[in-house]
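**Student:** Please read through the structure below; I'll follow up with questions.
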Amino acid sequence: MSETRSSARRPMSPFMIGPYYKPRLTSMLSITHRGTGVLLAMGAFALAWWLYAVAAGPSEYDNFLACANSLLGRLVLAGLIFSLFYHLLNGIRHLLWDIGWGFELPRAYATGWTVVALALIGTLAAWYCAFMPGGGP
Amino acid sequence: MTLRNPLAVARGLGSAKEGTGHFIAQRLTAVALVPLSIWFIWSALGHFGAGYADARSFVAQPLNASLMAAFVMMLFYHAQLGLQVVLEDYVHGWLELTAQVLVKLACFFAALVSLLAIVRISLGG
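The listed protein sequences derive, respectively, from chains S and Y. Using our numbering, the letters of the first sequence correspond one by one to residues 1 to 137. Using our numbering, the letters of the second sequence correspond one by one to residues 1001 to 1125.
What follows is the structure, encoded as structure tokens:
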């Protein structure tokens, strides 16, 4: 089956961008949705570790905090916060498409830019709360 | 009557006759994760860098414990469904099979660890 597929040599999603399609906002948002999804899946394991550390006790929790407060840990958390905002907002965009709303090209672009703007605003606000002393809602 | 090109059917390019269940589960978990993620961002995120006592009392609060349990279950289910599709697209052969099995088991186990941790914190054990 895979031999037939490759011998037919038909271009298939998600390998269309580049050789067949010029990069566009819509396709870039699509691949970013997938990328942030993979990052968030890894972030889910970090959340599991956090819950485990809280249950296990103060010494395991200190291990978590030491890791989370390191430079790498902070960068990862910052990236995860952006990914969460982006994937949540663009996910809502996808759910609206699933009920048949917003497929027209101008609307797809408008909702796309809205997702980018809101994700950046939300990310900056959350970064401010998370990393500035005294920040927080 | 089928509208599919007979040659395509003969070459085995038709549907695998499954996938609707995956599609529905992905959307259903996504719908659940919209309000749960907003809750998570708004009220849980601030407790990550907090001290041990603060984090524990946050999770121990009954409503937070329930929402966190729901969030974790939906999250790992949704993550597994998403990672499955990504692996199907980019990894092939034995490597894919191995990765698919590992991802499914890892998501299941991490969800289990999270839920047991929440129960333990809730019951004050």
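The beta carbon of each residue, even a glycine, is placed where N, CA and C say it ideally should be.
#1: Mind the definition here: the stretch 1051 to 1064 of chain Y touches the stretch 43 to 61 of chain S only if three or more C-beta pairs lie below 8 Å; say whether that holds.
#2: By DSSP's criteria, residue 21/S is part of a beta bridge. Which residues make up the other side?
#3: To the nearest angstrom, report how far apart residue 82/S and residue 28/S are at their CA atoms.
#4: Please state the DSSP three-state secondary structure of residue 1005/Y.
#5: Taking only three categories from DSSP, how would you classify residue 1110/Y?
#6: From this set, 1121/Y, 1082/Y and 1046/Y, which residue's C-alpha is nearest residue 1107/Y's C-alpha?
#7: Among the residues of its own chain, which have a CB less than 8 Å from the CB of residue 1050/Y, if the five just before and after it don't count?
#8: So, are the CB atoms of residue 1087/Y and residue 1099/Y less than 8 Å apart?
#9: Establish whether the CB of residue 6/S and some CB of chain Y are separated by less than 8 Å.
#10: Check distances from the C-beta atoms of the stretch 1019 to 1034 of chain Y to those of chain S and list, in chain order, the residues that come in under 7 Å.
#11: Should the stretch 93 to 108 of chain S be called in touch with the stretch 1026 to 1043 of chain Y, which here means at least 3 C-beta pairs below 8 Å?
#12: For the alpha helix (DSSP H) containing residue 70/S, name the first residue and the last one.
#13: Suppose the cutoff is 8 Å on Cβ atoms and the five residues either side in sequence are ignored; what does the same chain contact list for residue 1121/Y look like?
#14: Can you tell me whether residue 1030/Y is buried or exposed, with buried defined as 16 or more other CB within 10 angstroms of its CB?
#15: By the DSSP assignment, the alpha helix (DSSP H) with residue 1057/Y in it spans what residues?
#16: Nearest-angstrom Cα distance between residue 101/S and residue 24/S?
#17: DSSP three-state label for residue 57/S, please.
#18: For a quick check, are the C-beta atoms of residue 48/S and residue 1113/Y less than 8 Å apart?
#19: Could you give the DSSP three-state label for residue 1068/Y: helix, strand or coil?
#20: Helix, strand or coil: how does DSSP classify residue 76/S here?
#21: Run through chain S and tell me which residues come within less than 9 Å of residue 1070/Y, C-beta to C-beta.
#22: Identify, in the order they occur along the chain, each residue of the same chain with its Cβ nearer than 6 Å to the Cβ of residue 1039/Y, setting aside the five sequence neighbours on each side.
#23: Using a Cβ-Cβ cutoff of 7 Å, what residues of the stretch 1098 to 1118 of chain Y are near chain S? List them in chain order.
**Tutor:** In short, the structure shows the following:
#1: Inter-segment contact for the stretch 1051 to 1064 of chain Y and the stretch 43 to 61 of chain S is present: three or more beta-carbon pairs are separated by less than 8 Å.
#2: Looking at the DSSP output, residue 21/S shares a beta bridge with 17/S.
#3: Their Cα atoms are separated by approximately 16 Å.
#4: Coil at residue 1005/Y, not helix or strand.
#5: The answer is helix: DSSP assigns residue 1110/Y an H, G or I state.
#6: It is 1082/Y.
#7: Apart from the 5 residues on each side of it in sequence, residue 1050/Y sits with its Cβ closer than 8 Å to the Cβ of 1058 in its chain, given in chain order.
#8: Judged by beta-carbon spacing, residue 1099/Y lies within the 8 Å limit of residue 1087/Y, meaning their Cβ atoms are closer than that value.
#9: Low confidence applies to residue 6/S: its pLDDT is 49, below 50, so where it sits in the model is not reliable, and the reading given next is rough at best. For residue 6/S, the answer is no, since every Cβ of chain Y falls outside 8 Å of its Cβ.
#10: Of all residues in the stretch 1019 to 1034 of chain Y, the ones placed with a Cβ closer than 7 Å to any Cβ belonging to chain S are 1027, 1030, 1031 and 1034, in chain order.
#11: Segment contact: the stretch 93 to 108 of chain S against the stretch 1026 to 1043 of chain Y, three or more CB-CB distances shorter than 8 Å; contact assigned.
#12: Where residue 70/S is concerned, there is no enclosing alpha helix (DSSP H), given that its DSSP letter is neither H nor E.
#13: Residues 1056, 1059, 1060 and 1065 of the same chain have their beta carbon placed closer than 8 Å to that of residue 1121/Y, with the five preceding and five following residues left out of the count.
#14: With 16 or more Cβ atoms within 10 Å of its Cβ, residue 1030/Y is classed as buried.
#15: Counting along the chain, the alpha helix (DSSP H) containing residue 1057/Y begins and ends at 1052 to 1060.
#16: The C-alpha of residue 24/S is placed about 20 Å away from the C-alpha of residue 101/S.
#17: Correct three-state label for residue 57/S: coil.
#18: Contact flag set, yes.
#19: Helix at residue 1068/Y.
#20: Residue state for residue 76/S is assigned as helix, using DSSP reduced to three classes.
#21: Residues of chain S whose Cβ lies closer than 9 Å to the Cβ of residue 1070/Y do not exist; the shortest such Cβ separation is about 13 Å.
#22: Hits under 6 Å: 1067.
#23: The residues in question are 1110, 1113, 1114, 1117 and 1118.
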